[in-house]
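Peer 1: The numbering of the sequence shown is this note's numbering, which starts it at 4 and goes up by one. First the structure, which I've put down as structure tokens, then a few questions once you've had a look.
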Amino acid sequence: MKRNILVATLAAGTLMLAGPALAADAAKGKAKHDEACAECHEADEFADLSAADIEKTIKDILAGKVKHKEKLDPSIADVAADLAAFYASGG
Ligand code: HEC
4 MKRNILVATL AAGTLMLAGP ALAADAAKGK AKHDEACAEC HEADEFADLS
54 AADIEKTIKD ILAGKVKHKE KLDPSIADVA ADLAAFYASG G
């Protein structure tokens, strides 16, 4: 009995960890945009680009491959897909 509970707990934990990587979350992206990007960027500024392109550009900025006015916090990498989903949807 105890063992079943342990297995179920582990399974639920794994699902929670896997979640963010599986699906981009535009609402989460909006929250990060409002917090870290809205000062300089309009929400619809990148709406003509695909989510994949936006995500790549954000990662290139983080990697120093694309010049950017402000150094982005490395933690932005964790929400790059979410930001991209938000921007690509038109903000
Ligand atoms: C201090 C102002 C400032 C902040 C804060 C800022 N940016 Fe920028 N960003 C700029 C400027 C200026 C440019 C270049 C002109 C433009 O495309 O708007 C730029 C360009 C970009 C580009 C296009 C780069 C290219 O060459 O195609 C992306 C993508 C981008 N920013 C993402 C972000 C994201 C995501 C955030 C928040 C995590 C952010 N920026 C925060 C000023 C800022």
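Glycine included, each C-beta is placed from N, C-alpha and C at the ideal position.
Skipping 5 residues on each side, what residues in its chain have a beta carbon closer than 6 Å to that of residue 27?
Peer 2: In the sequence shown, the residue the question calls residue 27 occupies position 24. Cβ neighbours of residue 27 beyond the five flanking positions: 84, 85 and 88.
Peer 1: Pop quiz: residue 50 and residue 91 are said to be a contact at Cβ under 8 Å. What is the actual Cβ separation, rounded to whole angstroms?
Peer 2: Within the sequence shown, numbered from 1, the residue matching residue 50 stands at position 47. Within the sequence shown, numbered from 1, the residue matching residue 91 stands at position 88. Contact holds; Cβ gap of about 7 Å.
Peer 1: Any idea if residue 69 is buried or exposed, counting beta-carbon neighbours within 10 angstroms, 16 or more meaning buried?
Peer 2: Counting from 1 along the sequence shown, the entry for residue 69 is found at position 66. So residue 69 counts as exposed.
Peer 1: Do the CB positions of residue 52 and residue 64 come within less than 8 Å of each other?
Peer 2: Within the sequence shown, residue 52 is the residue found at index 49, counting from 1. Within the sequence shown, residue 64 is the residue found at index 61, counting from 1. Going by C-beta atoms, residue 52 is not nearer than 8 Å to residue 64.
Peer 1: Measure the C-alpha to C-alpha separation of residue 61 and residue 71 and round it to an integer number of angstroms.
Peer 2: Residue 61 sits at position 58 when you count from the first residue of the sequence shown. Residue 71 sits at position 68 when you count from the first residue of the sequence shown. Each residue's Cα considered, the two are about 10 Å apart.
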